[in-house]
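A quick write-up on the structure given underneath.
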């Protein structure tokens with residue numbers, strides 16, 4: 011992944027500084043420019059990844075810890091995973107998924123919209 015400090019070379023940085031100085035001489039505004047590696051936290055994408063991991067952890071815990079028994083198709087009550095184990099699987103899966111999406115950017119991008127925020131339409135008071 012590209013680091014923001016490596017995005018612009020020295021010549022490009024000087025061109026940005028010059029463009030800002032020129033813009034500030036033509037207006038009464040102060041121009042502040044920022045080049046960031048990320049525009050912000052993607053909490054929703056990380057939570058969605060956590061939810062997916064939680065569901066997968068629950069499914070794997072049920073598959074691993076529940077004995078299906080040899081009476082498949084019988085009316086006997088099937089063995090179930092205790093509620094505490096289900097909760098533990100969900101919480102552990104959510105934490106692992108959220109952390110994985112937080113530190114592994116390609117995973118987080120799977121849950122991030124390409125379109126971003128809706129842009130205002132021209133002619134509607136914008």
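In our numbering, the protein residues as written are 11 to 136. Each residue gets a CB set at the ideal place from its N, CA and C atoms; glycine is no exception.
Would you report the Cα separation of residue i and residue j, rounded to the nearest angstrom?
i, j, result
"residue 144", "residue 57", "The chain is shown only over 11 to 136; residue 144 falls outside these bounds and no answer can be derived."
"residue 47", "residue 63", "26 Å"
"residue 122", "residue 61", "14 Å"
"residue 117", "residue 98", "23 Å"
"residue 32", "residue 108", "44 Å"
"residue 114", "residue 36", "43 Å"
"residue 45", "residue 52", "18 Å"
"residue 15", "residue 28", "18 Å"
Spatial neighbours of residue i within its chain, please: CB distance less than 6 Å, with the 5 preceding and 5 following residues excluded, ordered by chain position.
i, result
"residue 6", "Nothing can be reported for residue 6: it is not among the residues displayed for the chain, which extend from 11 to 136."
Ignore the nearest five residues each way along the sequence and tell me which others in residue i's own chain have a CB closer than 7 Å to its CB.
i, result
"residue 10", "Because the chain in this structure spans residues 11 to 136, residue 10 falls outside the shown range and cannot be described."
"residue 95", "71, 75"
Tell me which same chain residues have a C-beta within less than 8 Å of the C-beta of residue i, skipping the five on either side of it?
i, result
"residue 135", "Interpretation of residue 135 is limited by its pLDDT of 48, a score under 50 that renders its predicted location unreliable; the figure taken from the coordinates is listed afterwards. Nothing meets the Cβ criterion."
"residue 59", "107, 108, 110, 111, 117, 118, 120, 121"
*Could you name each continuous beta strand (DSSP E) segment of 3 residues or more that falls completely within the region 27-52, going from the start of the chain to the end?*
none
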